[in-house]
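Chains as they are written, first to last, in the UniProt record's numbering: chain A, 1 to 343; chain B, 1 to 343; chain C, 1 to 343; chain D, 1 to 343.
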């Protein structure tokens, strides 16, 4: 078969490892050929692609980003989009099937396209870990690793200066990165979109820690909204979509903590470093296994399905399952973490 | 309650994170007190322990090793061992329950002791990932991370010199570390105890890679035995227990590859660096959750049970379940990896 | 002798390694005793100190921050300050000499105090590398290492999205961190306080790189002021001291680049992670050697002198030499880097 | 000009950064063209080379190894070698000058060839830091960084098991890597080729540390020979060249320590990971500056000269200066480190 790959949406460490293993498995096990569509659905729609040989994917398991480029091109709304045009393009260029790597939006598009006849399978990708129907996706562990390392650093400087340190991490709608990196770094408060907490409560945790001579660490997901502060934030810190602006909430929390407690407080917004660079071993293994599975799904002609992690197994699930809703942090997980707050 | 903690067997990154979260959770949620028995069962048998306050466990989530020390003292065979003596010691020192962190041997001991009246719960620990009844244990991810990083380094020097590089990793009876780190590093052959492979087959993979101008990477678990080479190895490379000696098989494989293929080949035995140093974020989260769960098990009086990972949940399992046998690499997982060999 | 140590000003990876080696060397070679004054000059003025035994400094060579705490307390202006009060405190507590670790301000204070009779020697500390009279100070290499690693990560995500990435690093008055980390990461433009560059020129570099299909990386020191933009910045982005506000210039540059070139541009302000965490091997060696030298200076009664790096040697220099002015990036070094801009 | 680059001898992190900066500087500043000879002098002698465009060197500053490959081909003894043949090859392929990156042997060859008419300049390369006439060479800092990190890991597992840990590092004739990484890691004994020490003395240091409840760390350079043990070692542990065999001395020292002190002792031989992988920021900057300087030397027609680090400056030195002898660790540096031994 001749199979096209594309990566769509925000990038994520591990995308290249998926591409590599799918290509190597296909060449060796099935004698497949591969093309890579550039910049997500745009490459498919505009037939902008490159041939992918074994040589092109060598050494890619450890390389962050995506060699195919990515974009937020919508598969239906973009001029020339939609299943009919795409099927025509595939036929014209002799491509038999598509493996689409992406997040919720990409997979929703892939599902609809599959239902309308496009031979497409999916690979789930979300650095935020907010996709249902898979235990984890690659990229999340790398983000945790980077954020944890950064917080370890913040703590030593915080302790030296007797400061409160605030770290803002990614997570607009789901607080997984904050929860895991905060737990790993021994944070004294973790603030996530799923759980409204008043700033009074946050300041109480900070003061408990400070009163014992320690430097408090507060981890804030970018989508956290403090209880009672909706209006104050709404006035200046949100995007047109109504979401708090990247980088905004950490500064805001730090200012409030300093104001209310009198403790010198500094924010660091980790930003884009959380999604870049070499994937961790965990993410490389997961991505490699996803790539192998996705290729097998193509040969099963399991259109509209995707690779998924369940426990330690890679399984096949209907893309519909990935789209039942955002996987947010359950309150039981938050409470588990909370036993370590304050102190 | 007054609760004693002990760490037994080989050390593992994450032990301190378990200790920390159990202590902090106990102090805050239940008003518990804690002691730490030194060097595993020895500390309990000889009542050699230290008090563990909140202060003593601060900052421990990121610290490798175990502040309690560890040893291979047998809970029954050691003078003064056995449940009656231990129960007497606990009573004498006012300790109400024990949390034992250890591998298969430790947990088997804990189970037997629990059956005979000792109030003990377990936390599974094995850097080799060879314990059944839990998806993963802490330490394994850190070992993968270290081994993968080392192999990334070996590859650049291998490519520069057109050499074949061999990396020997831990794993006497189970090849999990070799499997995951090899897959992460893009190894061209992975050799594990669970699967006999002839050296001819290994050399074939090496030559395929070399003939395409690349530098082959072969990952060998320390317990791998090549098919047909049992005698050759038995003559010089094994311990009294009949196991291949640490560091032996990598050198042996490298020598055979160089001899048979004529390709310059170098072995590196990663050794003890695989089990030391700061745990990864993944392991810190897992260890922290295990500690919280173990403490809850104590308050449930779930003697003879342990904390365990199932998918993304921490659950309670009977220690018997951990002892049904070694969790080795299933052939289906090996075949999945094998599609990337040679090339 | 009984010797007091203090750390003053912003913290820096390596301070603990200095403390450790001075204490161990003193105990072993001279039979000295040590105290640590807390939070810089404040601890000396208020006689707030702890005894430092061999046990207290164990394992410190790899630990970031300072176990003594630090502050910006002025040695003269603080109530109870000045040489007479300090000498009285030292006598009262039986302290024979002081080793002061700090930057320009601290060393200027130490010099003046030494001239007025305080038995004090210095150890230079500046993460910004802006102290004259020493080739390097510890902390700088760690900052370079962290910034370079972060930029490696920014580049992979930048390439995937065809974005221009801006990284703001420390350096209010001297661009050393930007120069070295930018050169290490292969930046396409490096903007430092010592060199006014117009935004037109910056955009030209960015466009050159983008036009060849690459993702431009622009590194900006926090003290950079674009030529012709002084007024625009002055209106909103500066502190009362007239310095551009931490975190301000990177965002500003990113906005201008996006506006002028139409290329999607994202800023990341690395912030406090640059000064925290474990020191690099280079910094540990330098700090350890500084500590040994400082202790020897005490026994030489070389009051008013400090340890310094010259080539590969640790030498003794008069504190006056450290105070002749800020060590800024010479234009010849900037031009050397500039041959790699744009492209 | 059309300039050829070659890398010869053992590989070293930073070689690619030199290649990159020389090529980019030449293309941009002088309009040069570049070729890369494959596998050191062999590529020049056999005219086996590739063209090097700007595209070929992109992203190389952070990549370990050498894209040109390396070998130990001798420039005179190899068939077709010697200045006349080489000059003929350069003329035939239109190459005007050569930049040779290598260690003592390579630079000696380059010097002799320059004297006999070959237009060649040098870039010093030695991971062991044993070249005179330059303060440091790239690769050394990366090796220190890797070895220090490994020792940090060894210490945590050593402490948990109350073991003595031995780490064998590179350094056949010069103990720089052992000295710096040992000092950085807080080693309790550092054993180098330049200083004979009896095993009794080593055991004394180990016992001092162990008696205070700590886990001793002993760092051994591969070329260390214990005083009084020359014969014992000569019998089994040396190569035909008379040098102790790689990997031999660490095991030997560990066995002796365990035997004499009764303390459980484990060796880890770091091996090839010390020379592989991404260079540190320090090494990337140094290598980048060397590349720029080497290109300038070519345009100065400074045949027989090389780039060198003096303090913080890159200077031009006669290759003869690099060949006056091995730069070994001076006793004063060893004694400086020794104040921290034992304890």
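The beta-carbon is built from N, C-alpha and C at its ideal position, and this holds for glycine as well.
All values reported here derive from a predicted model rather than from experimental measurement.
Exercise for the section: Kindly indicate the opening and closing residues of the alpha helix (DSSP H) around residue 201 of chain C. Expected result: 199-211
Problem - Whether residue 85 of chain C touches residue 45 of chain C by CB criterion (8 Å) - result: yes
Exercise for the section: Output, in sequence order along the chain, the residues in the region 108-141 of chain C whose CB is closer than 8 Å to any CB in chain D. Expected result: Residues 135, 136 and 141.
Exercise for the section: Determine whether the Cβ of residue 159 of chain B lies closer than 8 Å to any Cβ atom of chain D. Expected result: Yes, its Cβ sits closer than 8 Å to a Cβ of chain D.
Exercise for the section: On the DSSP bridge assignment, give the partners of residue 334 of chain D in chain order. Expected result: DSSP output for residue 334 of chain D lists no bridge partner at all.
Exercise for the section: Compute every distance between the C-beta of residue 119 of chain A and the non-hydrogen atoms of the ligand GDP, then say whether any falls below 7 Å. Expected result: The ligand GDP is not part of the structure shown, which contains no ligands of any sort.
Practice task
Would you mind working out which of B:143, B:119, B:164 and B:5 sits nearest residue 128 of chain B, comparing C-alpha positions?
Solution key: B:143
Problem - Per-residue DSSP class, three states only, for residue 242 of chain C - result: Any reading at residue 242 of chain C is ruled out, since the residue's pLDDT is 44, under 50, leaving its predicted position unreliable.
Practice task
Step through the CB atoms of chain D and report whether any lies within less than 8 Å of the CB of residue 165 of chain B.
Solution key: yes
Practice task
Specify the secondary structure class of residue 237 of chain C as computed by DSSP and reduced to three states.
Solution key: Here residue 237 of chain C scores only 49 on pLDDT, less than 50, and its place in the model should not be relied on; the value that follows carries that caveat. Three-state DSSP puts residue 237 of chain C in coil, outside helix and strand.
Practice task
Please go through the same chain and pick out, in chain order, the residues whose beta-carbon is closer than 6 Å to the beta-carbon of residue 42 of chain C, but skip the five residues on each side of it.
Solution key: 71 and 73
Handout entry: Exposed unless 16 or more other CB atoms sit within 10 angstroms - verdict on residue 255 of chain D
Key = exposed
Handout entry: Cutoff 6 Å; reference residue 63 of chain B; Cβ partners in own chain excluding five residues on either side
Key = Excluding sequence neighbours, residue 63 of chain B sits near 16.
Exercise for the section: Taking residue 69 of chain D as the reference, give the member of D:226, D:12 and D:176 with the closest Cα. Expected result: Nearest C-alpha to residue 69 of chain D: D:12.
Practice task
Give a yes or no on whether the minimum CB-CB distance between residue 11 of chain C and chain A is below 8 Å.
Solution key: yes
Practice task
Note down, in chain order, every chain A residue with its Cβ under 7 Å from the Cβ of residue 180 of chain B.
Solution key: 281 and 285
Problem - Own chain residues within Cβ distance below 7 Å of residue 115 of chain C, not counting five before or after - result: 304
Handout entry: 8 Å Cβ cut-off: residues of chain B touching residue 25 of chain A
Key = 339 and 340
Exercise for the section: Return the residues of the region 144-156 of chain A that lie within a Cβ-Cβ distance of less than 7 Å from chain B, sorted by chain order. Expected result: 144, 145, 148 and 152
Practice task
Check whether the Cβ of residue 21 of chain B lies closer than 8 Å to any Cβ atom in chain E.
Solution key: Considering every chain present, this structure includes no chain E. Its protein chains are A, B, C and D.
Problem - Under 8 Å by beta carbon: chain A residues contacting residue 288 of chain B - result: 183, 184 and 340
Exercise for the section: Give the single residue among B:215, B:249 and B:213 whose Cα lies nearest to the Cα of residue 229 of chain B. Expected result: B:249
Problem - Interface positions of the region 268-280 of chain D facing chain C (Cβ-Cβ less than 7 Å), listed along the chain - result: 280
Exercise for the section: Measure the beta-carbon distance from residue 186 of chain C to residue 178 of chain C and round it to whole angstroms, keeping in mind my assumption that it falls under 8 Å. Expected result: Taking C-beta atoms under 8 Å as the contact rule, residue 186 of chain C and residue 178 of chain C fail to qualify, at a distance of about 14 Å.
Problem - Anticipated Cβ contact below 8 Å, residue 173 of chain D with residue 223 of chain D, distance rounded - result: 6 Å
Practice task
Tell me whether residue 324 of chain A is buried or exposed, calling it buried when 16 or more other Cβ atoms sit within 10 Å of its Cβ.
Solution key: exposed
Handout entry: At least 3 beta-carbon pairs within less than 8 Å: the region 265-279 of chain C vs the region 162-169 of chain C
Key = In this structure the region 265-279 of chain C touches the region 162-169 of chain C; the number of beta carbon pairs closer than 8 Å is three or more.
Practice task
Return the chain-ordered ranges of every beta strand (DSSP E) run that is complete within the region 79-112 of chain B and spans a minimum of 3 residues.
Solution key: 97-102
Practice task
Pair every Cβ in the region 278-287 of chain B with every Cβ in the region 180-198 of chain A, then say whether three or more of these pairs are closer than 8 Å.
Solution key: Taking one beta carbon from each stretch, the region 278-287 of chain B and the region 180-198 of chain A have 3 or more pairs nearer than 8 Å; the two touch.
Problem - N- and C-terminal bounds of the beta strand (DSSP E) containing residue 341 of chain A - result: Where residue 341 of chain A is concerned, there is no enclosing beta strand (DSSP E), given that its DSSP letter is neither H nor E.
Handout entry: Assumed close pair residue 276 of chain A, residue 157 of chain C - CB separation to whole angstroms, cut-off 8 Å
Key = Their Cβ separation, rounded to whole angstroms, is 4 Å, which keeps residue 276 of chain A and residue 157 of chain C in contact under 8 Å.
Practice task
Closer than 7 Å by beta-carbon distance: list the chain B residues that pair up with residue 162 of chain D, in chain order.
Solution key: 69
Problem - 8 Å Cβ cutoff, residue 244 of chain D in contact with chain B - result: Low confidence applies to residue 244 of chain D: its pLDDT is 43, below 50, so where it sits in the model is not reliable, and the reading given next is rough at best. Not an interface residue.
Practice task
Give the C-beta separation of residue 132 of chain B and residue 327 of chain B to the nearest angstrom, bearing in mind that I take them to be a contact with Cβ-Cβ under 8 Å.
Solution key: Contact annotation, residue 132 of chain B with residue 327 of chain B: C-beta distance approximately 4 Å; criterion of less than 8 Å satisfied.
Exercise for the section: Sort C:262, C:51, C:18 and C:336 by Cα distance to residue 400 of chain C and report the nearest one. Expected result: Here chain C comprises residues numbered 1 to 343, so residue 400 of chain C is not present and cannot be evaluated.
Practice task
Give the secondary structure of residue 28 of chain D by DSSP, where H, G and I count as helix, E and B as strand, and everything else as coil.
Solution key: helix
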